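Chains as they are written, first to last, in numbering that gives the first Met the number 0: chain V, 0 to 536; chain G, 0 to 271.
Heads up, the beta-carbon is just placed ideally off N, CA and C, and yes, glycines get one too.
Just so it is clear, the structure is predicted and the values come from calculations on it, not from any experiment.
Working notes, structure below.
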Amino acid sequence: MSGRFGKTWRGGEPFIWLTGGALALALLLVAGLIGLILYNGLGFFWPRSVVRLTLADGTSMTGQVVEREPVPGSVGEYRIKLKVANRDLYGADFQWVDEVKVARRDYPPEIAVIERTEWGLLIGRLSEMREGDAVVAKGPEAALAELRKRVPEAARLRREIRGIETGEIGAINHEQEALRLRAKGLERKGVTAGPELAAIERELASLHSRYKTQETRLAALRAQQGASVVVTADGGKEKALPLSQVLDVYFPNAMGTPAKAWHYVTRLWEFVADEPRESNTEGGVFPAIFGTVMMVVIMSILVTPLGVLAAFYLREYAKQGPFVSAVRIAVNNLAGVPSIVFGVFGVGFFIYFVGGSIDRLFYADALPTPTYGTGGILWASLTLALLTVPVVIVATEEGLAAIPRGVREASLALSATKLETTLRVVLPAVMPSILTGLILAMARAAGEVAPLMITGVVKLAPSLPIDGFWPFLHLDRKFMHLGFHIYDVGFQSPNVDAARPMVFATTLLLLSIVVLLNLFAIATRNHLRRKYATSAV
Amino acid sequence: MGGNVGITASLNPGAETASILESPMVEIDHLSLYYGEKLALKDVSMSIPKHRVTAYIGPSGCGKSTLLRCINRMNDLVDGVRIQGTIRIGGTDIYDRSVDVTELRKRVGMVFQKSNPFPKSIFENVAYGPRILGLQSRSDLEGIVERSLRGAALWDEVSDRLHESALGLSGGQQQRLCIARAIAVEPDVLLMDEPCSALDPIATARIEELMLDLKNSYTIVIVTHNMQQAARVSDYTGFMLLGELVEFGVTRDLFTNPRDKRTEDYITGRFG
């Protein structure tokens, strides 16, 4: 028996199974993770049917079934979790219902689901349309017809108001701030009166009158937003919803698959391209996507030259010996330092020391409000560059070590200097390795959250780091980040249950962005590899 | 230096050397080289005649590659190298402090044991040297590339794929490309460090043929393991042993009538 086992063991068969099994298990775990994220993330945008449950006691509840689970303690009984929405009417988004109490289920086609700018979804029956206090249309059909007619106009108004608020009024604020800083600068120089100050006063006055004009425009626009739609929900509760808050109205029970698919696509687009609403639990994540990508790009721009130059010195110029070996070991170990340590360093050195000095030297007029002396996208990117620089150094060094000595000698023998050899032969040949390092660095940086939380990421950034005001690129601004967004929505939001699908959708998006950035870098690397393939002879 | 037809005999008391009745290109005079404390070349003196093929033979580790690499100062790259004596090319001491190494390497080209084309196109490989010397004009470069590739007997095989990677060539073609790359800067001397050791007999034959062609324009110094090769291609042969130049003379004389016992032992296969 033991002889036979011994023979099998020496034959290597069990070891092959063991290794194969380990790989299969690892793949299964990854596939499970991705599958879970895909299912939950992509399922979120599919319009679900709305069910009306009539309970044994005669009351009815309307909502979307979220999950079904066994009732703890009683065998064979199930309960369902119903998203009844209407947070402002009921106080909670979700209700648990024991299945035994349900007398009847039906799917009334006239139930409307309304997406609005506040309070989450509204689910109920349209009953009338009002203009001010006057009823314009009564009954579900008439109200719907009127609603359909007016929604585009309401959306246009909303966009126009938003446009004025962020565009014109934003510009006025910007100029006013610049004037305030100029006045403060004069004050510091001891100028308390004179033509310059008078000029500032005059400009301020003109800004103020410009602001008044915009304010009147806004008031006029807001006066047109008097219409509201009245929705009746379970228990006879009514909600008069101002049309200005209505984003979308749809009837999931009456929709066919194509209509649902179209709705799905529009929701997905809104998620990717819109700004977040209601403390990030609704709406889109565009600013977070923008912030993540921009931070990774800035980080790459900072880390590549730094890491490559350091690696070149270590491998090409430094005299190899115990000291260089010690440096190499230290660099390798730096990659294992917990990221929050880098975050703390970023706060202490970049923000307080470097940023504080920049503020004192160049932005003294704005103090005590810090410009660079507080978290911002530049400092976050720098911190991540520091975090990932070992990866680039190690990859570049390995690439340099792999370049055959003969190639360098050939260049030197052709009367090239060491510098010419480095720039014309070594650098092109090591390019693929540099990109490999950059890929690893980007993958790490895009997924990192902890150091960002203290160096410049915020829950909600008022503006993007790139905008229309000079100098267009604002590296001092705080920014949003998908990784932090996941943490914030999943664990810090007031309504975690309602926000959970959003967490999965955001996770999926973050994964896709990391994959996209990597694919881009890998494609570039393969292109370069083909161009500069090193000798295999 | 032209017209020097006198007797340029190296008077090396340690070695018997032949009198060479030709104008010298490279004159090595009492050259010793140390790697740290280790003596790698022991008081070598010889003169290498112009437009001839001179071969160094000897067992592994005898210092023949080291001697070759002294002629274009490639040994400078090695840490802890110390050199005594002089090497003169065209009358100038190349180890003089005023000599610019890149200037020297422009005059002394080199082909290595392992073919080492750059990971670039065939064209760029050959144009590398001229570019380093500051040549920019595309048409001039094209002329040089064609001339060099023809010179290395490679043009007919690669003329239709000049812009493909040099690494796609066969081993023999790569080595001929390296020769083309070396002659593209028109050196006076061409050093070849066992150029055929990694090649099959047919590729070897082509390179040997090429050497006989090239010696009309260049002074060639070749290191080889292969005594038949030395006998076939070289006009003069030096036998080295343990860092010492044991015997140096006209190839035929050295192979048929060696003056030193050690040379005789080596070429008859009793040793090495």
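Closest by C-alpha distance to residue i, when choosing among the options
{"i": "residue 67(G)", "options": "95(G), 78(G) and 107(G)", "result": "107(G)"}
{"i": "residue 68(V)", "options": "61(V), 57(V), 80(V) and 60(V)", "result": "80(V)"}
{"i": "residue 66(V)", "options": "86(V), 182(V) and 39(V)", "result": "39(V)"}
{"i": "residue 376(V)", "options": "457(V), 127(V) and 351(V)", "result": "457(V)"}
{"i": "residue 248(G)", "options": "235(G), 161(G), 255(G) and 113(G)", "result": "235(G)"}
{"i": "residue 433(V)", "options": "403(V), 466(V), 404(V) and 396(V)", "result": "396(V)"}
{"i": "residue 82(V)", "options": "90(V), 76(V) and 175(V)", "result": "90(V)"}
{"i": "residue 200(V)", "options": "218(V), 251(V), 338(V) and 179(V)", "result": "179(V)"}
{"i": "residue 56(G)", "options": "125(G), 222(G), 259(G) and 96(G)", "result": "222(G)"}
{"i": "residue 409(V)", "options": "127(G), 75(G) and 245(G)", "result": "127(G)"}
{"i": "residue 252(V)", "options": "9(V), 28(V) and 124(V)", "result": "124(V)"}
{"i": "residue 119(G)", "options": "156(G), 151(G), 166(G) and 134(G)", "result": "166(G)"}
{"i": "residue 161(G)", "options": "170(G), 171(G), 181(G) and 140(G)", "result": "140(G)"}
{"i": "residue 256(V)", "options": "469(V), 47(V) and 23(V)", "result": "47(V)"}
{"i": "residue 246(V)", "options": "150(V), 319(V) and 464(V)", "result": "150(V)"}
{"i": "residue 529(V)", "options": "260(G), 164(G) and 90(G)", "result": "164(G)"}
{"i": "residue 232(G)", "options": "246(G), 244(G), 245(G) and 206(G)", "result": "206(G)"}
{"i": "residue 382(V)", "options": "349(V), 363(V), 394(V) and 272(V)", "result": "349(V)"}
{"i": "residue 88(G)", "options": "202(G), 187(G), 191(G) and 215(G)", "result": "187(G)"}
{"i": "residue 216(V)", "options": "268(V), 236(V) and 160(V)", "result": "160(V)"}
Cutoff 8 Å; reference residue i; Cβ partners in own chain excluding five residues on either side
{"i": "residue 36(G)", "result": "none"}
{"i": "residue 446(V)", "result": "482, 509 and 513"}
{"i": "residue 517(V)", "result": "438, 441 and 442"}
{"i": "residue 60(V)", "result": "51, 52, 54, 81, 83, 94, 96 and 233"}
{"i": "residue 38(G)", "result": "31, 32 and 242"}
{"i": "residue 139(V)", "result": "109, 124, 125 and 126"}
{"i": "residue 293(V)", "result": "376, 464, 465 and 478"}
{"i": "residue 400(V)", "result": "314"}
{"i": "residue 173(V)", "result": "468"}
Close-in-space but distant-in-sequence residues of the same chain around residue i (CB under 6 Å, 5 per side omitted)
{"i": "residue 83(G)", "result": "31"}
{"i": "residue 391(V)", "result": "302, 306, 436 and 440"}
{"i": "residue 269(G)", "result": "none"}
{"i": "residue 257(G)", "result": "263"}
{"i": "residue 168(V)", "result": "213"}
{"i": "residue 29(G)", "result": "42, 44 and 84"}
{"i": "residue 131(V)", "result": "225"}
Own chain residues within Cβ distance below 7 Å of residue i, not counting five before or after
{"i": "residue 115(G)", "result": "177"}
{"i": "residue 230(G)", "result": "250 and 254"}
{"i": "residue 193(G)", "result": "112, 222, 223 and 224"}
{"i": "residue 102(V)", "result": "53, 54 and 55"}
{"i": "residue 112(V)", "result": "49, 120, 122, 249 and 251"}
{"i": "residue 107(V)", "result": "51 and 252"}
Cβ distance (whole Å) where residue i is taken to contact residue j below 8 Å
{"i": "residue 280(V)", "j": "residue 492(V)", "result": "5 Å"}
{"i": "residue 277(V)", "j": "residue 117(V)", "result": "7 Å"}
{"i": "residue 129(V)", "j": "residue 248(V)", "result": "With a Cβ gap of about 16 Å, residue 129(V) and residue 248(V) do not count as contacting."}
{"i": "residue 109(G)", "j": "residue 181(G)", "result": "6 Å"}
{"i": "residue 121(V)", "j": "residue 223(V)", "result": "That belief does not hold up - the Cβ atoms of residue 121(V) and residue 223(V) are roughly 22 Å apart, past 8 Å."}
{"i": "residue 158(V)", "j": "residue 240(V)", "result": "Wrong, their Cβ atoms sit about 19 Å apart, outside the cutoff."}
{"i": "residue 71(G)", "j": "residue 412(V)", "result": "6 Å"}
{"i": "residue 184(G)", "j": "residue 105(G)", "result": "6 Å"}
{"i": "residue 484(V)", "j": "residue 264(V)", "result": "That belief does not hold up - the Cβ atoms of residue 484(V) and residue 264(V) are roughly 22 Å apart, past 8 Å."}
{"i": "residue 472(V)", "j": "residue 465(V)", "result": "6 Å"}
{"i": "residue 503(V)", "j": "residue 43(V)", "result": "7 Å"}
{"i": "residue 374(V)", "j": "residue 454(V)", "result": "5 Å"}
{"i": "residue 592(V)", "j": "residue 431(V)", "result": "There is simply no residue 592(V) to check, as chain V begins at 0 and stops at 536 in what is shown."}
{"i": "residue 206(V)", "j": "residue 171(V)", "result": "6 Å"}
Cutoff 8 Å: residue i Cβ touching any chain A Cβ
{"i": "residue 127(G)", "result": "This model lacks chain A altogether; the protein chains it does include are V and G."}
Residue i: CB within 7 Å of a non-hydrogen atom of the ligand MN
{"i": "residue 462(V)", "result": "In terms of ligand content, the structure shown is empty, and the ligand MN therefore cannot be addressed."}
Problem - Segments assigned alpha helix (DSSP H), at least 4 residues, entirely inside the stretch 132-168 of chain V - result: 139-162
Exercise for the section: Would you list, in sequence order, the uninterrupted beta strand (DSSP E) runs of no fewer than 3 residues that lie entirely inside the stretch 165-241 of chain G? Expected result: 188-192, 218-222 and 235-240
Handout entry: Meets three-Cβ-pair contact criterion under 8 Å: the stretch 420-428 of chain V and the stretch 359-370 of chain V
Key = no
Exercise for the section: Just list the alpha helix (DSSP H) runs in the stretch 62-96 of chain G, keeping only unbroken ones of 4 residues or longer that don't cross its boundaries, in chain order. Expected result: Considered as a whole, the stretch 62-96 of chain G harbours 63-70 as its complete alpha helix (DSSP H) runs of no fewer than 4 residues, in chain order.
Handout entry: Complete beta strand (DSSP E) runs within the stretch 467-529 of chain V (minimum length 3 residues, chain order)
Key = none
Exercise for the section: Mind the definition here: the stretch 184-198 of chain V touches the stretch 471-491 of chain V only if three or more C-beta pairs lie below 8 Å; say whether that holds. Expected result: no
Handout entry: Contiguous alpha helix (DSSP H) assignments of at least 4 residues, all confined to the stretch 248-296 of chain V
Key = With a minimum length of 4 residues, the continuous alpha helix (DSSP H) runs that stay inside the stretch 248-296 of chain V are 256-272.
Exercise for the section: List in chain order: all unbroken beta strand (DSSP E) runs of 3+ residues lying wholly within the stretch 98-132 of chain V. Expected result: 101-105, 111-115 and 121-130
Handout entry: Complete runs of the alpha helix (DSSP H) confined to the stretch 339-373 of chain V [at least 4 residues]
Key = 355-361
Practice task
Could you say if the stretch 449-466 of chain V and the stretch 339-352 of chain V meet the contact criterion of at least three C-beta pairs nearer than 8 Å?
Solution key: Yes, the stretch 449-466 of chain V touches the stretch 339-352 of chain V.
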